[in-house]
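Participant: Residue numbers (my numbering), protein chains in the order written: chain Z, 15 to 362; chain D, 28 to 426.
Got a structure here, written out as structure tokens. Questions coming.
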């Protein structure tokens, strides 16, 4: 023991590291820092829950893992962005801009829901009786087509010399870009807006699942879709409606992302959102909405915490991105079915 | 088939120099593209070996391809301990395979506790962890985001018998050997030499894989795909079988990655480790035939062929330069719809947008031809083509 300690302290890195860590820990636990990290984590969780909610609804009922979900989010971002750019003038006030945002969400939701309905009827329905593998393959193909189509349109209209469509960011009301200080904790307006939007979506989907007839069908269909159809429910129509709803939520999520400078409307947005969305639904347990919400919170908070640590203490730029996948891997190792998952999900 | 591939460079050169030159350069893939087809097909085969034969979708297969590729690039730049730039390439190939197999063992040990969608996702998760890691790790190169180029050595990687100079040929577009006057009349350009050399390695790997598929081990894998419960009930330890298949698959994916760097001499995180690389392998496996070993080769041939045909600015061939050269100015300036001219339409819909058409075709294949090109052909013929075709021909002659 006595020989080891001087040896270690002789190395500058080792002698400095514990002290540095203690300092960092003290700073991290100070109310201001902790508050900021938590707010950012909640904002990220809101984004994650937005992009993952549709995915989990579709999987929960139909057992279809929709690989095209990210591309649909991307389409929503462009479509919503288009509405925003067209409707918002230079001098519009904050209220008008928020109204335009509402309009963009409605348009993106409607258009994507319609597209989702068409996709379900035209492509997914014929292969329900095949192994789940084929549904992954099919939606993966749809992703390729949608991405390339988007790329063609974007190139043709010259929307994007850069990767992020900057015009959309300019349609934000100014108060969203400012920082707000509450009890010593500073948070950006955008983060608070995202949290509001995320909470509204979670509440909305939860009410849909527990308070409406279709929600009842969805929950019942997740258990046993054959029994549901035996009871006289048109299961095919329920599937179409839920698929449309899921893609619609993806579209709305896209509009929310279009205002966030960290994401923005771009063609690669599809792949960028798909992977975290997968992580969230898998960590939560595929097909359980409650699990998805909890997992989004976990991933968001872990992500913002690790980002702080890696920015301030440990120097490795890529690690925050890696953390999301590490959460996935660790969860699956410890609890293979996810936090709230059951071994058999989906009606097929 | 092997003969067709072997004869292709000769026929291609012959045709390019013939009267049909313009049509040939536009339609047929270049030799460079065919080299890509070869090593990527090996990767797709290794992917199909695990996913097509056991039914476990390995969505993170790019991890093994990337491992092999990075190992060769790093060894050549003298970044790795123990293996330096003077290590023979054939040894590096094996080492790349072994390294990838070790990674596969580590990932597989954990992942095979899961099945179905969860398996696909955990392999994807692992490969993305590696992707981000390699992308930001400055050990790899000073700008890890841009990947690694082989700068440590200017000599081409040699395929052949290690240690015997006469039995080695260097591969690579600019660094490879060229051969003049072989058997008195054959001249080969560096790319053509690479084509044959890489083709030989891929062929050996293919035969090895085929041997495994047709062994009792391979049959067990198919049993697992068809009904894992039953396979277990008969007494097979399916976990061990799946894991071994995964490791074997990782080994060959590593070799494919090594060949890739051997020819291209550089690798980036995007074309080595990113999950869409595995997506491409999936794509070509489906088009060629899922669960058939040779299928991915045809799928890759098709995919790369279309991509080159519709390539941006038509680098060295393809549709675009052909149309520019052969369609009159008047036709190109004709207005189709609302100010969109024919030239613009071609630029918009055909220039570099092969992914759209390959994607559409992929969707159609999943919907209507789930067995792929080769699988469907086999179903029609009632057996593997190598056995069915001669029987057919014999029957025609008998009648």
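Glycine included, every Cβ here is placed at the ideal spot set by N, Cα and C.
Between which two residues does the beta strand (DSSP E) holding residue 185(D) run?
Facilitator: Stepping through the second chain from its first residue, residue 185(D) is reached at position 158. Taken as a continuous stretch (DSSP letters only), the beta strand (DSSP E) holding residue 185(D) covers 184 to 187.
Participant: What is the rounded straight-line gap between the Cα of residue 104(Z) and the Cα of residue 185(Z)?
Facilitator: As a first step, residue 104(Z) must be located in the first chain, where it is residue number 90. As a first step, residue 185(Z) must be located in the first chain, where it is residue number 171. Their backbone Cα atoms lie some 8 Å apart in a straight line.
Participant: Taking just the CA atoms, how far does residue 110(Z) sit from residue 325(D)?
Facilitator: On the second chain, position 298 is the one that residue 325(D) refers to. On the first chain, position 96 is the one that residue 110(Z) refers to. Cα to Cα, the separation comes out at about 56 Å.
Participant: With respect to the alpha helix (DSSP H) encompassing residue 184(Z), which residues constitute its N-terminal and C-terminal limits?
Facilitator: Taking the first chain and counting its residues from 1, one reaches residue 184(Z) at position 170. Premise fails: residue 184(Z) is in no alpha helix (DSSP H) and is neither H nor E.
Participant: Kindly give me the distance between the Cβ atoms of residue 148(Z) and residue 217(D), rounded to whole angstroms, as I take these residues to be in contact under 8 Å.
Facilitator: The residue you call residue 148(Z) lines up with position 134 of the first chain. The residue you call residue 217(D) lines up with position 190 of the second chain. Incorrect: roughly 43 Å between the Cβ atoms, too far for contact.
Participant: Run through DSSP, which three-state label would residue 15(D) get?
Facilitator: The structure shown does not extend to residue 15(D), since chain D is modelled only from 28 to 426, so the question has no answer here.
Participant: Given a cut-off of 8 Å, decide if residue 71(Z) and residue 208(Z) are closer than it, judged by their beta-carbon atoms.
Facilitator: Working through the first chain from its first residue, we reach residue 208(Z) at position 194. Working through the first chain from its first residue, we reach residue 71(Z) at position 57. Going by C-beta atoms, residue 208(Z) is not nearer than 8 Å to residue 71(Z).
Participant: Look at the alpha carbon of residue 343(D) and the alpha carbon of residue 57(D), and state the distance between them as a whole number of angstroms.
Facilitator: On the second chain, residue 343(D) is found 316 positions in, with the first residue counted as 1. On the second chain, residue 57(D) is found 30 positions in, with the first residue counted as 1. With a pLDDT of 49 at residue 343(D), under the threshold of 50, the modelled position of that residue is not reliable, and the figure given next carries that caveat. Approximately 8 Å between the Cα atoms of the pair.
Participant: Does the structure place the region 319 to 329 of chain Z close enough to the region 348 to 355 of chain Z that three or more beta carbon pairs sit under 8 Å?
Facilitator: no
Participant: Helix, strand or coil: which one does DSSP assign to residue 57(Z)?
Facilitator: Here residue 57(Z) corresponds to residue number 43 of the first chain, with the count starting at 1. If DSSP states are grouped into helix, strand and coil, residue 57(Z) belongs with the helices.
Participant: For the structure I just gave you, are there three or more beta carbon pairs, one from the region 262 to 272 of chain Z and one from the region 120 to 131 of chain Z, closer than 8 Å?
Facilitator: These segments touch.
Participant: Can you name, in chain order, every residue of its own chain whose Cβ lies under 7 Å from the Cβ of residue 95(Z), other than the five neighbours on each side?
Facilitator: Numbered from its first residue, the first chain carries residue 95(Z) at position 81. Result list for residue 95(Z): 179, 182, 272, 279, in chain order.
Participant: Output the boundary residues of the alpha helix (DSSP H) element that contains residue 113(D).
Facilitator: By one-based count along the second chain, residue 113(D) stands at place 86. Neither: residue 113(D) is in no alpha helix (DSSP H) and is coded neither H nor E.
Participant: Given 8 Å as the limit, is there contact between the region 127 to 143 of chain D and the region 268 to 285 of chain D, that is, 3 or more CB pairs closer than that?
Facilitator: yes
Participant: Short of 8 Å Cβ to Cβ, which residues in the region 126 to 154 of chain Z face chain D?
Facilitator: 137, 140, 141, 144, 145, 146, 147, 148, 150, 151, 152, 154
Participant: How big is the Cα-Cα spacing for residue 336(D) and residue 346(Z)?
Facilitator: Along the second chain, read from residue 1 onward, the residue named residue 336(D) stands at position 309. Along the first chain, read from residue 1 onward, the residue named residue 346(Z) stands at position 332. One alpha carbon belongs to residue 336(D), the other to residue 346(Z), and they sit about 43 Å apart.
Participant: Would DSSP call residue 44(Z) helix, strand or coil?
Facilitator: Position 30 of the first chain, counted from the first residue, corresponds to residue 44(Z). Here DSSP, grouped into helix, strand and coil, assigns residue 44(Z) to coil.
Participant: Just the Cα atoms here: how many angstroms apart are residue 1(Z) and residue 90(D)?
Facilitator: Past the edges of chain Z, shown from 15 to 362, lies residue 1(Z), and the structure says nothing about it.
Participant: From the DSSP output, in three-state form, read off residue 396(D) for me.
Facilitator: Sequence index remark: in the second chain, residue 396(D) carries index 369 (1-based). Correct three-state label for residue 396(D): coil.
Participant: Touch check for the region 287 to 296 of chain Z and the region 34 to 47 of chain Z: three-plus C-beta pairs under 8 Å?
Facilitator: Counting C-beta pairs closer than 8 Å gives fewer than three between the region 287 to 296 of chain Z and the region 34 to 47 of chain Z, which falls short of the contact rule.
Participant: Output yes or no for whether 8 Å exceeds the beta carbon distance between residue 144(D) and residue 146(Z).
Facilitator: Here the question's residue 144(D) lines up with position 117 in the second chain. Here the question's residue 146(Z) lines up with position 132 in the first chain. Yes.
Participant: Which class does residue 242(D) belong to by DSSP, given the choice of helix, strand or coil?
Facilitator: Against the second chain, residue 242(D) aligns to sequence position 215. Coil, per DSSP.
Participant: Between the region 108 to 117 of chain D and the region 243 to 259 of chain D, do three or more beta carbon pairs fall short of 8 Å?
Facilitator: Taking 8 Å as the limit for Cβ pairs, the verdict is that the region 243 to 259 of chain D does not touch the region 108 to 117 of chain D.
Participant: Going by CA-CA distance only, name the one from 275(Z), 254(Z), 286(Z) that's closest to residue 140(Z).
Facilitator: What you label residue 140(Z) is simply residue 126 of the first chain in a count that begins at 1. Residue 254(Z) is the option with its Cα nearest to residue 140(Z).
Participant: Is it a yes or a no for the region 301 to 317 of chain Z touching the region 152 to 164 of chain D, going by three-plus beta-carbon pairs under 8 Å?
Facilitator: no
Participant: Name, in chain order, the residues that DSSP records as bridge partners for residue 58(D).
Facilitator: Sequence index remark: in the second chain, residue 58(D) carries index 31 (1-based). Paired residues: none, contrary to the question.
Participant: On the CB-based measure, 16 or more other CB atoms within 10 Å of its CB, does residue 80(Z) come out buried or exposed?
Facilitator: Within the first chain, numbered from 1, the residue matching residue 80(Z) stands at position 66. Buried is the call here.
Participant: Can you check DSSP and say which residues form a bridge with residue 201(Z)?
Facilitator: Along the first chain, one-based indexing puts residue 201(Z) at 187. Within the DSSP bridge table, the entry for residue 201(Z) names 194(Z) as partners.
Participant: For residue 243(Z), does the three-state DSSP call read helix, strand or coil?
Facilitator: Here residue 243(Z) is taken as the residue at index 229 of the first chain, counted from 1. Helix at residue 243(Z).
Participant: Which residues, in order along the region 73 to 99 of chain D, keep a beta-carbon less than 8 Å from a beta-carbon of chain Z?
Facilitator: 82, 84
Participant: Against residue 309(D), what residues of chain Z qualify as contacts under a CB-to-CB distance less than 8 Å, listed in chain order?
Facilitator: As a working mapping, residue 309(D) is identified with position 282 in the second chain. Within 8 Å Cβ-Cβ: 151, 154.
Participant: Please check the pair residue 161(Z) and residue 284(Z), which I expect to be a contact at CB under 8 Å, by giving their CB distance rounded to whole angstroms.
Facilitator: As a first step, residue 161(Z) must be located in the first chain, where it is residue number 147. As a first step, residue 284(Z) must be located in the first chain, where it is residue number 270. Right, their Cβ atoms sit about 6 Å apart.
Participant: Below 6 Å CB to CB, which residues in the same chain sit around residue 176(D) once its five sequence neighbours on both sides are set aside?
Facilitator: For this step, residue 176(D) is matched to residue 149 along the second chain. Only 293 meet the Cβ criterion.
Participant: Under 7 Å between beta-carbons, which chain D residues line up against residue 159(Z)? List them in chain order, please.
Facilitator: In the first chain, the residue the question calls residue 159(Z) occupies position 145. The contacting residues are 383, 386, 387, 390.
Participant: Taking the C-alpha atoms as reference points, what is the distance between residue 408(D) and residue 151(Z)?
Facilitator: For the purposes of this step, residue 408(D) is taken as residue 381 along the second chain, with counting starting at 1. For the purposes of this step, residue 151(Z) is taken as residue 137 along the first chain, with counting starting at 1. Approximately 26 Å between the Cα atoms of the pair.
Participant: If we count Cβ pairs, one from each stretch, closer than 8 Å, do we get three or more for the region 242 to 249 of chain D versus the region 73 to 93 of chain D?
Facilitator: yes
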